Structure formats: C-alpha cells, structure tokens
Amino acid sequence: MEHLNHLHPEQHTLGYSYILAALIPIHPLPANQVNPLSPREWHNYALRLANVGTSEQLRLAPEKFVLVMQAMVSISEAGGEPLVLVRPLQLAVAKLSAGSQTITALHADLFKQCLRSKFYNAALPFLDFQPESVEPSKTGLTVRSFLLFCYYGAMIHIGRRQYDKALRLLLYALTAPTMVVNGITIAAHKKFVLVSIIHSGALQNLPKFTSASVTRASKIDNGPYLDLAAACKDDTQWTRLLTQHQALFQQDGNLGLVLLATESRIKFRIQRLTQTYLTLSLQDIALHAGLAGGPAEAELRILRMIESQEIFAEIDEAAGMVRFVEDPQQYDGADVAHILDEQIQRAKELASKLQAVHCEVACDKAFHSKAAAGKERHGRAPAFEDPGDFMTAEPMSYGNPLMP
Numbered sequence: 095m096e097h098l099n100h101l102h103p104e105q106h107t108l109g110y111s112y113i114l115a116a117l118i119p120i121h122p123l124p125a126n127q128v129n130p131l132s133p134r135e136w137h138n139y140a141l142r143l144a145n146v147g148t149s150e151q152l153r154l155a156p157e158k159f160v161l162v163m164q165a166m167v168s169i170s171e172a173g174g175e176p177l178v179l180v181r182p183l184q185l186a187v188a189k190l191s192a193g194s195q196t197i198t199a200l201h202a203d204l205f206k207q208c209l210r211s212k213f214y215n216a217a218l219p220f221l222d223f224q225p226e227s228v229e230p231s232k233t234g235l236t237v238r239s240f241l242l243f244c245y246y247g248a249m250i251h252i253g254r255r256q257y258d259k260a261l262r263l264l265l266y267a268l269t270a271p272t273m274v275v276n277g278i279t280i281a282a283h284k285k286f287v288l289v290s291i292i293h294s295g296a297l298q299n300l301p302k303f304t305s306a307s308v309t310r311a312s313k314i315d316n317g318p319y320l321d322l323a324a325a326c327k328d329d330t331q332w333t334r335l336l337t338q339h340q341a342l343f344q345q346d347g348n349l350g351l352v353l354l355a356t357e358s359r360i361k362f363r364i365q366r367l368t369q370t371y372l373t374l375s376l377q378d379i380a381l382h383a384g385l386a387g388g389p390a391e392a393e394l395r396i397l398r399m400i401e402s403q404e405i406f407a408e409i410d411e412a413a414g415m416v417r418f419v420e421d422p423q424q425y426d427g428a429d430v431a432h433i434l435d436e437q438i439q440r441a442k443e444l445a446s447k448l449q450a451v452h453c454e455v456a457c458d459k460a461f462h463s464k465a466a467a468g469k470e471r472h473g474r475a476p477a478f479e480d481p482g483d484f485m486t487a488e489p490m491s492y493g494n495p496l497m498p
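Counting along the sequence shown from 1, when you hit position 272 you're at 366 in this note's numbering, and nothing is skipped either side.
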C-alpha cells in the first residue's frame, strides 16, 4: 500500500498495474503474507487506474491491466452492482484499444455488465464496428475473450432486435479457427439456430470453412434445436417439439427466442403470400398462415407488418380484402447514391487492408515454417482447408459462457 501511495496512476500507470495485480484480494497469498488492502480499498485503487491510466503504458503489459480490471469486476459483481461498472469498463476498453478498430480482452466484460444492467446503448460505441485487426500482445485478447465478445455482443443485438448483426457475430464465433470445441461455441450455435429462424424464417447453413469439429459437436449437442429448425414448416411437429423440449429451452435461457421464432414463422408465411397473390381475403390469409384468431388476427398482423415496412399492402375493411403492392421507394434519390458511394469507398479500404495482410503473411517466417512442415509431413503443400493448422486454440471445457 505504501508503494501505491507513492505512485500516481497517470504518470506511473505501468508500475501501478503491476502492484495492483500482485495485491488482488481474491488471490490467495502465501501463509506468511497478509494483503494490506481490503477488497473495497483495492477496488478504489483499480477504479483510479481505469479512470486516469494512460493507454501507452497500459498496452505495454495488457495482461496485467486485464487481470486488474477483471478482478475489479468480480469484486463489484459480488456486491450486485453491474451498472457502476459500465463507465470504468468503457474507459478501460477505450484505453486498451487506443482508438483502433480492434477487439480487446475487456470488450466481453463490458458487454456482460451492459447485459446484466440492461443498459444496451452503452455497449454500442464498442460494438458497432467492423473488427480489422487482432493484436493480442497489445490488447490481451485470448480465444475465450474473443468468443465471449461475439456471444455477448450478439445478445446485445438480440435485445435491440437487430438480428442481422447478431447473426454476423454468432458466425464469427462459430467459424473461428479451432481444434477444440467449447461451451461458448455450443451456446452460440443454439442462439444462431433460433436467430436464423427469427431473421429469415429458416436455419441458415454454416459456411463451408467452418471447422469440422464445430459442425460435428453442434449436431451432437444441439439436436433439439436442429430438430426444431427442421420443423419450421410443420405446425404440428413444431408444437410437439416445443412442448417436449420446453424445459431444456428454459434451462438454456432460450425460451424467449423460441417463442419469437414461433411468431416469426407466421410473419414469413404472410410475406410469402405477397409473392404469389395480388389480392387475398383476410379469411384466406388466416387459413394459409394458420392463425387461430381468424380474419381479425390476420388484419392486426398485416397492419403491424405494413407499419414496420415488412410488406406493402392496402386493406379494404368493408370487403375484407388485402391488396399487395410494390415497394413505393424507388431507391433513386441522392441519399441512396450517398450510401452507395460510402459502401464503395469502404470496399476500397478493405481491399487495401486485405492486400497489406496478404503481404504481412507472405513475409511471416512462422507461417512459412508451418507450411514447409506440412509439406514434408504430407508430401505436398497443405491445402489450408483447416485454418486450425496455423492457429493454436485454447483448450476449454464445456461450461456456462455466462460465467466469468
């Protein structure tokens, strides 16, 4: 404690991090030593580090800073105060990323506290970006923290009903190079199945470059979810599976998503009718969509879909008829041209960065050593079908991804 009082967290950030990491109160000390700081005192010192520590020094030893911040989170969680952690973690993530579009080991901790406090908007500045680099030596990023970034980030998007963004993050988790499947990946696949149905009315296929171990494990461990997805077009089978596995869905914390998926099936049935018919009675729509409420429920659902611009239609209440029309937006205005120009510029930037990464890999001695070793082992150049050949995954046991 005497050493901490002689240091200023802004001027001596690196030393401050090392001392706090050594004095973490949740870590057992040797029998002949006593921690001079109580958990509350240590927590206050950690808050000072998060608030005024300098990014340049923190990135010299990111593993120490991450250790301190995660210990601070554990102490605060014991007091049941997730909201008070949001601002310090925002500052910590900003310092560790140093303004670059990269993922840090603390992103997942921030997202978790935003979820626990239901303060989703606080995560958006650190979530709505396209990751362009991974710098573990500067950000402390590990395989586990990357997977949790994807999982918790997807949950925030789900909470905001931005299902397309949630699917993108879940795909990052499912297609990450790995040789060892873990509980986070399995949990992400469960969410992926249900969000796919909510977003598009059917299960999306995983990309071909998904690790074979992930594909195999998801089929074994997530059978009830895959069975439910296969029953999307069969109301009887869907209801039977929902009843049969309701306890499992509840235990996994996914029952709410299952119920949303049930509703989305009806929405997509109505959308498919717009591709076949120009006019249709409310009674026929209720029949095709399997609505127990008849024409009244059909009218209510169509009004909601018109309001959210999921379909374009006009309702003749007197005749009980619906006329489906084309999208009135012609997409020929200046605002659309501006969006297209932004996307073109973005594509150019990504092409330049991809070329830079290609050159970096081409000059990487470790890559060429592994490629040469693979050629000697197989008698030919490796086909690079499994990205895991060039990335070591952390072996992790199956467990609850929501646990720290």
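Just so it is clear, CB atoms sit at the ideal spot from N, CA and C, and this is done for glycine as well.
Since the structure is predicted, the reported quantities are computational estimates derived from the model, not experimental observations.
Three-state class that DSSP yields for residue i in the structure shown
i                 : result
methionine 166    : helix
phenylalanine 418 : strand
alanine 475       : Residue placement at alanine 475 is poorly supported in this model, since its pLDDT is 49, which falls under 50; the coordinates still yield a value, given next. Three-state DSSP puts alanine 475 in coil, outside helix and strand.
leucine 235       : coil
serine 375        : strand
serine 227        : strand
threonine 196     : strand
glutamate 401     : helix
leucine 300       : coil
glycine 174       : coil
tyrosine 425      : coil
phenylalanine 205 : helix
arginine 334      : helix
histidine 100     : coil
leucine 496       : The predicted model places leucine 496 with a pLDDT of 46, which falls under 50 and marks its position as unreliable, so this point remains unresolved.
methionine 249    : helix
9 Å Cβ cutoff met for residue i and residue j
i             : j              : result
alanine 140   : valine 162     : yes
glycine 234   : glutamate 157  : yes
lysine 189    : serine 231     : no
leucine 241   : asparagine 276 : yes
leucine 261   : histidine 293  : yes
arginine 417  : threonine 370  : no
glutamate 195 : glutamate 229  : Note that residue 195 corresponds to glutamine in the displayed sequence, not to glutamate. For glutamine 195 and glutamate 229, no; Cβs fall outside 9 Å.
arginine 395  : alanine 383    : yes
leucine 204   : alanine 217    : yes
serine 211    : valine 187     : no
leucine 185   : leucine 288    : no
aspartate 346 : lysine 259     : no
leucine 324   : leucine 297    : Note that residue 324 is alanine in the sequence shown, not leucine. Taking 9 Å as the Cβ cut-off, alanine 324 and leucine 297 qualify as a contacting pair.
valine 237    : alanine 281    : no
Option nearest residue i by Cα separation, candidates the options
i              : options                           : result
tyrosine 266   : Gly253, Ala248, Arg254 and Arg255 : Ala248
methionine 166 : Val146, Arg142, Lys189 and Ala155 : Arg142
leucine 183    : Ala155, Ala172 and Gly147         : Gly147
histidine 251  : Ala460, Arg334, Glu171 and Phe223 : Phe223
alanine 172    : Gln207, His452, Leu152 and Arg181 : Gln207
glycine 414    : Glu393, Arg310 and Glu401         : Glu393
threonine 279  : Leu221, Asn316 and His462         : Asn316
isoleucine 409 : Phe461, Arg310, Leu376 and Asn99  : Leu376
leucine 108    : Ser132, Gln403 and Ala155         : Ala155
Host alpha helix (DSSP H) of residue i (start-end)
i                 : result
alanine 267       : 257 to 269
asparagine 316    : That residue, asparagine 316, is in no alpha helix (DSSP H); it is neither H nor E in DSSP.
alanine 526       : The first residue shown for the chain is 95 and the last is 498, placing residue 526 beyond what the model contains.
serine 358        : 349 to 368
phenylalanine 213 : Segment: none, phenylalanine 213 is in no alpha helix (DSSP H) and carries neither H nor E.
Below-9 Å beta-carbon distance, residue i vs any chain B residue
i           : result
glycine 347 : Considering every chain present, this structure includes no chain B. It has just one protein chain.
Endpoints, beta strand (DSSP E) assigned at residue i
i              : result
isoleucine 409 : 407 to 410
Closer than 8 Å: residue i CB and nearest the ligand FAD heavy atom
i           : result
leucine 241 : Among the components modelled here there is no ligand, and therefore nothing to report on the ligand FAD.
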